[in-house]
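Student:
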DNA sequence: TTCTCTATGTGATTTTTATCACAGACAAAC
DNA sequence: GTTTGTCTGTGATAAAAATCACATAGAGAA
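Protein chains in written order, with this note's numbering: chain A, 1 to 221; chain Y, 222 to 442.
1) Taking 7 Å as the CB-CB cut-off, is residue 146 of chain A touching chain Y?
2) Does the count of Cβ pairs from the region 40-54 of chain A and the region 124-132 of chain A closer than 8 Å reach three?
3) Quick check: the region 273-282 of chain Y against the region 111-121 of chain A, are there 3 or more CB pairs under 8 Å?
4) If you pair each beta-carbon of the region 206-218 of chain A with each one of the region 168-179 of chain A, do three or more pairs fall below 8 Å?
5) Looking at the strands, I want to know which residues DSSP matches up with residue 101 of chain A.
6) Suppose you measure from the CA of residue 325 of chain Y to the CA of residue 12 of chain A; what does that come to, to the nearest Å?
7) Tell me the DSSP bridge mates of residue 169 of chain A?
8) I think residue 142 of chain A touches residue 186 of chain A, with their Cβ atoms under 8 Å apart; what is that distance to the nearest whole Å?
9) Does the region 282-293 of chain Y touch the region 303-321 of chain Y, meaning 3 or more C-beta pairs lie closer than 8 Å?
10) I need the boundaries of the alpha helix (DSSP H) containing residue 12 of chain A, first residue and last residue.
11) Under 9 Å between beta-carbons, which chain A residues line up against residue 237 of chain Y? List them in chain order, please.
12) Counting only C-beta atoms, is residue 286 of chain Y closer than 7 Å to chain A at any point?
13) Taking the alpha carbon of residue 218 of chain A as the reference point, which residue from A:108, A:180, A:9, A:197 has its own alpha carbon closest?
14) Give me the subset of the region 126-140 of chain A whose CB atoms are less than 7 Å from a CB atom of chain Y, sorted by chain position.
15) Give the DSSP-derived three-state secondary structure of residue 256 of chain Y in the structure shown.
16) Which residue wins for smallest C-alpha separation from residue 43 of chain A, given the options A:89, A:117, A:107, A:24?
17) Below 7 Å between beta carbons: does that hold for residue 310 of chain Y and residue 121 of chain A?
18) Measuring only the C-alpha atoms, how far is residue 437 of chain Y from residue 381 of chain Y?
19) Please return the same chain residues whose Cβ sits closer than 6 Å to the Cβ of residue 356 of chain Y, not counting the five positions on each side in sequence.
20) Once you ignore the five residues that flank residue 301 of chain Y on each side, which residues in its own chain have a CB closer than 7 Å to its CB?
21) Give every residue of the same chain whose Cβ lies closer than 6 Å to the Cβ of residue 34 of chain A, excluding the five residues on either side of it in the sequence, and list them in chain order.
22) Keeping to the same chain, check which residues put their C-beta closer than 6 Å to that of residue 257 of chain Y; ignore five residues upstream and five downstream.
23) So which of A:188, A:157, A:203, A:205 has the shortest CA-CA distance to residue 74 of chain A?
24) To the nearest angstrom, how far is the alpha carbon of residue 421 of chain Y from that of residue 442 of chain Y?
25) Straight-line CA distance for residue 228 of chain A to residue 371 of chain Y?
26) Jot down the residue ranges of each uninterrupted alpha helix (DSSP H) in the region 101-140 of chain A, minimum 4 residues, whole runs only, in chain order.
27) Quick one, are the C-beta atoms of residue 177 of chain A and residue 183 of chain A less than 7 Å apart?
28) Could you tell me the distance, in whole angstroms, from the CA atom of residue 91 of chain A to the CA atom of residue 213 of chain A?
29) Using a cut-off of 7 Å between C-beta atoms, extract the partners of residue 299 of chain Y located in chain A.
30) May I ask you to report which of helix, strand or coil DSSP gives residue 295 of chain Y?
31) Let me know the secondary structure DSSP gives residue 217 of chain A once reduced to three states.
32) Enumerate in chain order the residues of its own chain whose CB-to-CB distance from residue 223 of chain A is below 6 Å, with the five nearest sequence positions on each side excluded.
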């Protein structure tokens, strides 16, 4: 059972649930479990079965593929209100995850048991539409990502990544490499190039974009 | 309106439609259009709006991302009974395609108008389950593909590709390159290596795998 | 047969990315 | 202040993939 503060947060981030009849909503909340996970927690991992469907309330989760040699690549990021479509996939079809989910910051979430998720999906059209639209968005994102990994050079992808983050950017070169699926040294060198061009200013765990237009041009080349 | 042979094919490949009440099925068929597309037809392309939802009856469609310099990469292949999940995505959310669909062989399909598709999706649970499971499968495939493109060497991916095709393989090196997102010369050289190891036998437009185990080992390295 | 078109083979070179091996730099803890 | 740990810079080298430039070869058409 959820406390009323959590309930409010839930309905705020997942407004489609408001359209549920009161009795169904109550039943849903009765089954749900609130959880808090500290930053860095591995929420789920490859080849594990799914436990339940997470509705994210705060924080964010990175969904990554890890390679044997320690490199990793971020597939996408899940924010509050976005839920985790990978889990839907798990719950609906195959029984296992095909990627790893890591809490990026401290995370609050509400977990729906598989049955409750299925019920909701089959009986509640707004929720269903919501899940479909998430699926659709992820599919698009992933196709974009495949294309970028296959055809773009790392400097272009790095430029795009820098532009996608709030300026100034607080992160390490290693974290950027992990997001791009590359290694720290390369990212450092590319950033140095950008800095020499006067496009960014570098500091420890900080990157300030000063010429977004140039980065954009490079990324779209 | 569809002729009875087409109807039969349709129900054979999409058995979940049999569970529709007769009246709804009739309405659906009345709205649907049968189409035949010769091999090589661009069924849809990037940045085009969707016309309708295709239910594939025969042939297959390659879904590819094309790069500016002419290179391309196959995202997945749609076979009869599989429909095209990318179109679902288009019809449900965003209005535009994010990839290209090309008929690989001659294709027969039945096209559902967007409204009929939405109706079917919201009113008919078996069809919905089917679409969800397709989404889920594609998502998994794409995650696998991203990971392969990011972390595997081309020889590994080529080996896996050869194993995934019926033996002996009738294709050109260029077609393989297009499937992998690489270029012809590299594929030729890698194939030559495989041949020197005694793993395959090469002919014009033909590759015979003679040591599947070795290829498998390489691909799983 | 000869011509033509497409498919394949291949060397040379370049570009891009990864790997290895440290050195210096900064921040927080002691 | 010194120590410790993380973060960053960087040269040297290697590995992988792409590009360029042709050569050859087979299959079908004229």
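Here a beta-carbon is modelled for each residue, glycine too, at the ideal position from N, C-alpha and C.
Since we're looking at a predicted model, the values are computed, not measured.
Tutor: On the basis of the supplied data:
1) Closer than 7 Å to the CB of residue 146 of chain A there is at least one CB belonging to chain Y.
2) Result no; under three Cβ-Cβ pairs closer than 8 Å.
3) With the cut-off at 8 Å, the region 273-282 of chain Y and the region 111-121 of chain A do not touch.
4) Taking 8 Å as the limit for Cβ pairs, the verdict is that the region 168-179 of chain A does touch the region 206-218 of chain A.
5) For residue 101 of chain A, DSSP records a beta bridge to A:44, A:63.
6) If I take the Cα positions, the gap works out to 47 Å.
7) Looking at the DSSP output, residue 169 of chain A shares a beta bridge with A:207.
8) Contact between residue 142 of chain A and residue 186 of chain A fails: their C-beta atoms lie close to 23 Å from each other, not under 8 Å.
9) Judged by Cβ distances under 8 Å, the region 303-321 of chain Y makes contact with the region 282-293 of chain Y, as three or more pairs qualify.
10) Its alpha helix (DSSP H) spans residues 4-13.
11) Under the 9 Å cutoff, chain A gives no residues; its nearest Cβ is about 14 Å from residue 237 of chain Y.
12) Yes, residue 286 of chain Y lies at the interface with chain A (some Cβ there is under 7 Å from its Cβ).
13) Closest by alpha carbon: A:197.
14) Those residues of the region 126-140 of chain A that come within reach of chain Y (Cβ to Cβ, closer than 7 Å) are 132, 133, 135, 136, 137, 138, 139, 140.
15) Of the three classes helix, strand and coil, the one that applies to residue 256 of chain Y here is strand, per DSSP.
16) For residue 43 of chain A, the closest alpha carbon among the candidates A:89, A:117, A:107, A:24 is that of A:107.
17) Judged by their CB atoms, residue 310 of chain Y and residue 121 of chain A are not nearer to each other than the 7 Å cut-off.
18) For residue 437 of chain Y and residue 381 of chain Y, the distance between alpha carbons rounds to 7 Å.
19) Taken in chain order, the residues that qualify are 306.
20) In its chain, beyond the 5 residues on either side, 234, 277, 278, 279 have a beta carbon closer than 7 Å to the beta carbon of residue 301 of chain Y.
21) Once the five neighbours on either side are set aside, the close Cβ partners of residue 34 of chain A are 2, 6, 110.
22) Excluding sequence neighbours, residue 257 of chain Y sits near 329.
23) Nearest C-alpha to residue 74 of chain A among A:188, A:157, A:203, A:205: A:157.
24) Taking C-alpha positions only, residue 421 of chain Y is separated from residue 442 of chain Y by approximately 19 Å.
25) Look at the range of chain A in this structure, 1 to 221, and you will see that residue 228 of chain A is not part of it.
26) If we require 4 residues or more, the alpha helix (DSSP H) runs fully inside the region 101-140 of chain A come out as 114-123.
27) Between residue 177 of chain A and residue 183 of chain A, the gap from beta carbon to beta carbon is short of 7 Å.
28) Taking the straight line joining both Cα atoms gives about 43 Å.
29) Under the 7 Å cutoff, chain A gives no residues; its nearest Cβ is about 14 Å from residue 299 of chain Y.
30) Three-state DSSP puts residue 295 of chain Y in a strand.
31) In the structure shown, residue 217 of chain A sits in a helix (DSSP, three-state: H, G or I).
32) As shown, chain A starts at 1 and ends at 221. That puts residue 223 of chain A outside it, with no answer to give.
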